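Have a look at the structure below before the remarks.
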């Protein structure tokens, strides 16, 4: 059992949370929930030992192994994929090497009666007992199984890690964690940059092979499938529910309804008491009663209602300038990288005002198609035509990382806002949940979700009539995701969405282009119709 004991965190006079305590049991699968900036990632870092709390402590058994996958990695690039992943077993290999070295010393030394010789025997016995208690494993086969499960092909194993994007290197780190079989796995947004097939494999692994798990994720289906407990971080404290995410939402709704009722009753009582004090404070016969009620108000513990509910918040994209009838037309397009054919004979016709989804396994060409539309790459055959007056706004997967880290939130928007909108910047930031002191924060201290929201505001300020969004919901909390989805529903231009998030696409995309097996197939139905047609429950099954 790992325990969190009365931890508090303060940043420059601001309290993130205080006196937080809970225990993590052997097979707990915990979802850590709360809005962006509530302190979820900070709490995970403290449990991992990567950060220290202002007060309090983490207790764990001496032999417990805690493994942590952060949102953003700074990885070294000095090994192949296979060799880097094999570092998961470095501790075991080191132990074996030490046992061999000690046994070698025991055979050549002759000081059998000395204290040093006895210490050598004790050390080799201790290490041997530990080493031989580890079940015998075919390490190479284990590495291969996990890498293939996470989407690597066998030919990738000998490639240097430097050839892979940040998302793929994140998977290498995840593979190392899973191979260590830790007592507690801490995962911060593990499904970002993962295709559906790999997410499915990771789910199965965490459910059937992992011990305790604590995860931050915006992927509702993933969280619901793997967790049996939900801890919510809100307004500096936590609420612990022995329930999976979907059930927790119902329980939280009930809790807030009770809080609201208690708050309203208390406010009514305070108003009545204050009125009595004001009315009789100069009346001699009521002096004792007035003093009693003043003291009561001073000692009163105020009822708080958790987090302002932003469900009524509505964002609006500015009206789109009118484009031609067909903003994007792809005709007989082909693209290869060396011997690897991404797709050939690809055709797509997207009409003005249509909202379409591009779906399929990673590596099947969705991002390649977008880069061709954006003229970032040239097709090998065929062509892409951009229609009359088509003005494209593009949100890439790495959009948040392109922000200037040394600017404040306000400066980031102020530098690109023109005309009347400059007087509305604070309102716009407020609509995306940046209020008060948030607007003066430097970009570098923002969470992943906050950076994504800020990048989305920048996109809002551009007068566009074609929006291309490549995995826009990575790092977004569920409330923000719903707000942005509603705004996109109201967007009167053309929308092209790449996403593996069925929940986000549901009710948004009216047509689907499926990428797979080196071709692009058009489906004239929404995401529900597409999945029904494929006889699938979710987008995760596309590549099964």
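Residue numbers (the UniProt record's numbering): 1 to 544. Glycine included, C-beta positions come from ideal geometry on N, C-alpha and C. None of these values were measured; they are calculated from a predicted model.
How many Å lie between residue 375 and residue 403 at the Cα? Annotation: residue 375 to residue 403 spans about 22 Å, alpha carbon to alpha carbon.
Using DSSP with H/G/I as helix, E/B as strand and the rest coil, what is residue 488? In the structure shown, residue 488 sits in a helix (DSSP, three-state: H, G or I).
Assign residue 311 to buried or exposed, taking buried as 16 or more other Cβ atoms, counted over all protein chains shown, within 10 Å of its Cβ. With a pLDDT of 43 at residue 311, under the threshold of 50, the predicted position of this residue should be treated as unreliable, though the coordinate-derived value follows. Per the 10 Å Cβ criterion, exposed.
Smallest Cα separation from residue 1: which of 61, 45, 12, 40? Looking at the Cα atoms, 61 is the closest of the given residues.
Cβ-based burial, residue 465 [other Cβ within 10 Å; buried from 16]: Per the 10 Å Cβ criterion, buried.
Tell me which same chain residues have a C-beta within less than 7 Å of the C-beta of residue 477, skipping the five on either side of it? Here the set comprises 35, 36, 218, 449.
In DSSP terms, what residue 160 is bridged to: DSSP output for residue 160 lists 80 as bridge partner(s).
Is the Cβ-Cβ distance between residue 213 and residue 245 less than 8 Å? Not closer than 8 Å, so no.
Check whether the Cβ atoms of residue 372 and residue 333 lie closer than 8 Å to each other. Yes, Cβ-Cβ distance for residue 372 and residue 333 is below 8 Å.
Any chance the segment 118-135 sits against the segment 143-160, with 3 or more Cβ pairs inside 8 Å? The answer is no - the segment 143-160 does not touch the segment 118-135, with fewer than three Cβ pairs under 8 Å.
Three or more beta-carbon pairs under 8 Å between the segment 43-62 and the segment 241-258, yes or no? Using a Cβ-Cβ distance cut-off of 8 Å, the segment 43-62 and the segment 241-258 are not in contact, since fewer than three pairs of beta carbons, one from each stretch, lie closer than that value.
When you compare only the Cα positions, how much space is there between residue 11 and residue 216? Whole-angstrom Cα-Cα distance: 21 Å.
Does the count of Cβ pairs from the segment 392-407 and the segment 467-474 closer than 8 Å reach three? By the Cβ rule, the segment 392-407 counts as touching the segment 467-474, because three or more pairs are nearer than 8 Å.
Under the three-state DSSP convention, the category residue 520 falls into: Strand.
Sort 184, 150, 357, 180 by Cα distance to residue 169 and report the nearest one. The candidate whose alpha carbon is nearest that of residue 169 is 150.
Nearest CA to the CA of residue 337: which residue from 381, 328, 390? Nearest C-alpha to residue 337: 381.
State the beta-bridge partners of residue 5 as determined by DSSP. Answer by DSSP bridge pairing, in chain order: 57.
For residue 399, count the other beta carbons within 10 Å of its own beta carbon; 16 or more makes it buried, fewer makes it exposed. Which is it? That one is buried.
Which residue's Cα is closest to the Cα of residue 447: 329, 261, 462, 405? When C-alpha distances from residue 447 are compared across 329, 261, 462, 405, the shortest belongs to 405.
My guess is that residue 50 and residue 233 are in contact by the Cβ rule of under 8 Å, so how many angstroms apart are they, rounded? Contact doesn't hold; Cβ gap of about 17 Å is too wide.
Would you mind giving the Cβ-Cβ distance between residue 179 and residue 89, rounded to the nearest angstrom? I have them listed as a contact below 8 Å. The C-beta distance from residue 179 to residue 89 rounds to 7 Å, short enough to meet the 8 Å contact threshold.
Between which two residues does the beta strand (DSSP E) carrying residue 331 extend? Per DSSP, residue 331 belongs to the beta strand (DSSP E) from 328-337.
Reference residue 350; option with closest CA among 512, 17, 30, 148: Cα-wise, what sits closest to residue 350 is 512.
Closest by C-alpha distance to residue 317, when choosing among 487, 303, 225: Among 487, 303, 225, the Cα nearest to that of residue 317 belongs to 487.
Based on Cα-Cα distance, which residue from 268, 182, 52 lies nearest to residue 26? Each of 268, 182, 52 was checked against the Cα of residue 26, and the nearest Cα belongs to 182.
Host beta strand (DSSP E) of residue 216 (start-end): Boundaries of the beta strand (DSSP E) harbouring residue 216: 212-216, taken from the DSSP string.
Under 8 Å between the Cβ atoms of residue 502 and residue 346? No, these two residues do not count as a Cβ contact at 8 Å.
Strictly by DSSP, which residues pair up with residue 230? Looking at the DSSP output, residue 230 bridges to 31, 241.
CB-CB under 7 Å to residue 504, same chain, minus the five flanking residues each way: which ones, in chain order? For residue 504, where only same-chain residues beyond five positions count, the Cβ hits under 7 Å are 473, 481, 485.
Cβ-heavy atom distance between residue 46 and the ligand ATP below 7 Å? Here there are no bound small molecules, and the ligand ATP is not part of this structure.
First and last residue of the uninterrupted beta strand (DSSP E) at residue 14: Start and end: 14-24.
Closest by CA to residue 8, which one among 14, 497, 54? Closest in alpha carbon position to residue 8, among 14, 497, 54, is 54.
Helix, strand or coil for residue 247? Go by DSSP, reduced to three states. Of the three classes helix, strand and coil, the one that applies to residue 247 here is helix, per DSSP.
What span of residues does the alpha helix (DSSP H) with residue 369 cover, start to end? Counting along the chain, the alpha helix (DSSP H) containing residue 369 begins and ends at 366-373.
With a CB to CB cut of under 7 Å and the five nearest residues on each side skipped, what residues in its chain are close to residue 40? For residue 40, where only same-chain residues beyond five positions count, the Cβ hits under 7 Å are 32, 34, 216, 233.
If we call anything under 8 Å between Cβ atoms a contact, is residue 161 one with residue 177? Cβ atoms of residue 161 and residue 177: not closer than 8 Å.
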